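For what it's worth, this note's numbering labels the leading residue of the sequence shown as 57, then goes sequentially.
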Amino acid sequence: RLQQYREEEKIVGERGGLDIASQELELVATKLVEARRDRLESESLYKQIRAIGKSDPTRLELVPGVLQHPLVQRMKEAYAQVEQKRSELAKRYGPKHPNMQSVNSELRNARQALDKQILSVVNGIETTYKVALANERSLQGSLDGTKGNIQSLSRKEYRLRELQQDVDAKRAIFNTFLKRFNETSATGDLNTANARISDPAVVPIEAAKPKKKLIVALAFVVSSLFGVMFAFLLQALNNTVKTPAEVESRLGETMLGLLPLLPRRRKNPNQSYRQFLDMPQSPYSEALRTIRTGLILSALDADNKIVSVTSSVPGEGKTTLSLGLAFATGQMENVLLIDADMRRPAVSRALGLDKSHAGLSNLVAGTAQLSECIQRYEEGNIDVLSAGTIPPNPSELLSSKRFASVLELLQTKYDRIVIDSAPCQAVSDAMILASQVGAMIYVVKSDSTPHQQARSGLKRLHEAKAPIVGVVLNQVDVKKTAKYGAEQYGGYYDVYGYSGAK
Numbered sequence: 057r058l059q060q061y062r063e064e065e066k067i068v069g070e071r072g073g074l075d076i077a078s079q080e081l082e083l084v085a086t087k088l089v090e091a092r093r094d095r096l097e098s099e100s101l102y103k104q105i106r107a108i109g110k111s112d113p114t115r116l117e118l119v120p121g122v123l124q125h126p127l128v129q130r131m132k133e134a135y136a137q138v139e140q141k142r143s144e145l146a147k148r149y150g151p152k153h154p155n156m157q158s159v160n161s162e163l164r165n166a167r168q169a170l171d172k173q174i175l176s177v178v179n180g181i182e183t184t185y186k187v188a189l190a191n192e193r194s195l196q197g198s199l200d201g202t203k204g205n206i207q208s209l210s211r212k213e214y215r216l217r218e219l220q221q222d223v224d225a226k227r228a229i230f231n232t233f234l235k236r237f238n239e240t241s242a243t244g245d246l247n248t249a250n251a252r253i254s255d256p257a258v259v260p261i262e263a264a265k266p267k268k269k270l271i272v273a274l275a276f277v278v279s280s281l282f283g284v285m286f287a288f289l290l291q292a293l294n295n296t297v298k299t300p301a302e303v304e305s306r307l308g309e310t311m312l313g314l315l316p317l318l319p320r321r322r323k324n325p326n327q328s329y330r331q332f333l334d335m336p337q338s339p340y341s342e343a344l345r346t347i348r349t350g351l352i353l354s355a356l357d358a359d360n361k362i363v364s365v366t367s368s369v370p371g372e373g374k375t376t377l378s379l380g381l382a383f384a385t386g387q388m389e390n391v392l393l394i395d396a397d398m399r400r401p402a403v404s405r406a407l408g409l410d411k412s413h414a415g416l417s418n419l420v421a422g423t424a425q426l427s428e429c430i431q432r433y434e435e436g437n438i439d440v441l442s443a444g445t446i447p448p449n450p451s452e453l454l455s456s457k458r459f460a461s462v463l464e465l466l467q468t469k470y471d472r473i474v475i476d477s478a479p480c481q482a483v484s485d486a487m488i489l490a491s492q493v494g495a496m497i498y499v500v501k502s503d504s505t506p507h508q509q510a511r512s513g514l515k516r517l518h519e520a521k522a523p524i525v526g527v528v529l530n531q532v533d534v535k536k537t538a539k540y541g542a543e544q545y546g547g548y549y550d551v552y553g554y555s556g557a558k
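Laid out in structure tokens, this is it:
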């Protein structure tokens, strides 16, 4: 009876076709919502056009749908060019001049073409509205038909469920009788024994004691717990600045950016000097561009034309940041890089320039002219003013009025000046420069510089009223930093696929 009912009513599916009809209803309803949205969008433009009428193309031109059409915009540009040409000729010729008559005719033709294109776009909008309206009505009819079909299928499903329950009940009774019959047939000739083997004696394969697996597992657990406790102890005793969050919490300064740690290479131990030039699409280069943008946006209304880079102690990467920042800024502006660390100058060595060339000390002392001291580094598109001859009194040289005059002169010739200064914890050169620069960047080496030392250096600079715009965390081990809960910085320049390093 169940099979006969399925064949008579032409039922397919598990629920009498109700699941298929429900999917069809959901699909038609979704399409109807989309069609209604399209109709409402086109209806708004259609009503605006009907309200204006087709007699005045200049008013139709103000309708957003017409105004944003690419062909209308190109023809408006062409019309504006002709109109500008007519305005320029009107300054030289009278209205009856052949050139003026020609440009007037060209202007009329451009206007006629523009009006014709506007009417064409308007007709297209009307056609789009009518098509959307017809599509909505068709889908509404299909939706109503599908609802009626579902109601009919629901009645069939009810009858189908009754027949299916009858089948299941009779099958259960049949299986019960069949099981009993088979059990009776199997045990009819069975001879029950007076004794049976419950647990045969076998030779053991392995020793019962000691339980080596348990001992090994316990040893593994205990050693793991000891390792975790030891790691937490080392972390608690570590007082260095490791993550960008610690820059703000421990140092109380703004995080301007970070520079990822580069892999060590024996052939090129100082690869960070030229990383921006050799691999402009690497995560390291993207980090420098981010620092450049942060520097520009940190003081839009302030004068940060002269930027000084310093650190707590030597070896934290201030020269690396100075070079990278100069290269990154040199893509946009006319940049001068000054090596003001006249005790341990490193810019000339990093760029492969002549160390004996006249530089900052010679220019301030007056023993050389500005043109003799400036060196052009074409590959980086920057000018370089090296330290020059190492003087016996660098601090007095930087605090002199002649040095201030040199900076004023250089500001008139360059858009941006980047100064590589000495570490503030070693000497006082950075404090002297604090009053003569517009911005100062403080470099901290990740997982190396104690936060007490960095905070002491920043305090000295604040006492000198240094315009510190932020801190750059250098040589950040991205994978290691992610373990400290700084995942948001761990993949900042690399995971999202903006760089070409992968």
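By construction, the Cβ of each residue, glycine as well, lies at the ideal position given by its N, Cα and C atoms.
Treat the numbers as computed from the prediction; the structure is a model and nothing was measured.
- Residue pairing by DSSP puts glycine 526 in a beta bridge opposite Ile497.
- Within the same chain, Cβ atoms closer than 7 Å to the Cβ of serine 98 are found at Ile181, Thr184, Tyr185, Ala188, the five residues on either side in sequence being excluded.
- Put simply, the segment 521 to 532 touches the segment 488 to 503. At least three CB pairs are less than 8 Å apart.
- Inclusion of cysteine 429 and alanine 414 in the CB contact set at 8 Å is warranted, their separation being smaller than that value.
- According to the DSSP secondary-structure assignment, tyrosine 433 is paired through a beta bridge with Ile438.
- According to DSSP, methionine 285 shares a beta bridge with no other residue.
- Between proline 316 and alanine 482, the C-beta spacing is not below 8 Å.
- Fewer than three beta-carbon pairs drawn from the segment 335 to 345 and the segment 471 to 480 are found closer than 8 Å, and the two stretches are therefore not classed as touching.
- Contact between the segment 291 to 302 and the segment 361 to 380 is absent: fewer than three C-beta pairs spanning the two stretches fall below 8 Å.
- Short of 7 Å from the beta carbon of alanine 85, and not among the five residues preceding or following it, lie these beta carbons of its own chain, in chain order: Leu199.
- In this structure, the CA atom of methionine 311 is about 31 Å from the CA atom of phenylalanine 286.
- Among the bridge pairs identified by DSSP, aspartate 395 is matched with Asp476.
- If only uninterrupted beta strand (DSSP E) runs of at least 3 residues are considered, those enclosed by the segment 287 to 339 are 311 to 316.
- Here DSSP, grouped into helix, strand and coil, assigns valine 534 to helix.
- Restricting attention to Asn179, Arg511, Phe230, Glu144, the CA atom closest to the CA of lysine 103 is found in Asn179.
- Assigned with DSSP and collapsed to three states, isoleucine 362 falls in strand.
- Your pair glycine 526 and glycine 308 does not check out as a contact, with CB atoms roughly 12 Å apart and the cut at 8 Å.
- Taking a 10 Å sphere around the C-beta of arginine 348, we find 16 or more other C-beta atoms and assign the residue as buried.
- Nearest to threonine 375 by C-alpha distance, out of Arg399, Arg227, Ser368, Val403, is Val403.
- The alpha-carbon separation between proline 260 and asparagine 231 amounts to approximately 44 Å.
- Out of Leu529, Met496, His518, Ala486, the CA that lies nearest to the CA of histidine 507 is found in Leu529.
- In the DSSP assignment, serine 367 forms a beta bridge with Val499.
- The way I'd put it, the segment 405 to 412 doesn't touch the segment 451 to 468; fewer than three beta-carbon pairs between them come closer than 8 Å.
- For histidine 507, the enclosing alpha helix (DSSP H) covers residues 507 to 519.
- When DSSP states are grouped into helix, strand and coil, glutamine 492 belongs to the coil group.
- Residue Asn437 holds the alpha-carbon nearest to the alpha-carbon of threonine 385 among Leu234, Asn437, Arg227.
- In the DSSP assignment, threonine 468 falls outside any alpha helix (DSSP H) and carries neither an H nor an E.
- In the three-state reduction of the DSSP assignment, aspartate 255 falls in the coil class, being assigned neither a helical nor a strand state.
- Counting C-beta atoms within 10 angstroms of its own C-beta, glycine 373 has 16 or more neighbours from the protein chains shown and is therefore classed as buried.
- With at least 16 other beta carbons inside 10 angstroms of its own, glutamine 173 counts as buried.
- The alpha-carbon of leucine 441 is positioned some 16 Å away from that of arginine 458.
- Using a Cβ distance threshold of 8 Å, valine 532 and leucine 377 do not count as a contacting pair.
- Our two residues, glutamine 168 and glutamine 137, have alpha carbons roughly 15 Å apart in a direct line.
- Taking a contact as a CB-CB distance under 8 Å, the pair alanine 166 and alanine 134 counts as one, their CB atoms being some 6 Å apart.
- Only residues of its own chain outside the window of five on either side were considered, and among them Gln173 have a CB closer than 7 Å to the CB of leucine 127, listed in chain order.
- For arginine 57, the secondary structure class from DSSP, reduced to helix, strand or coil, is coil.
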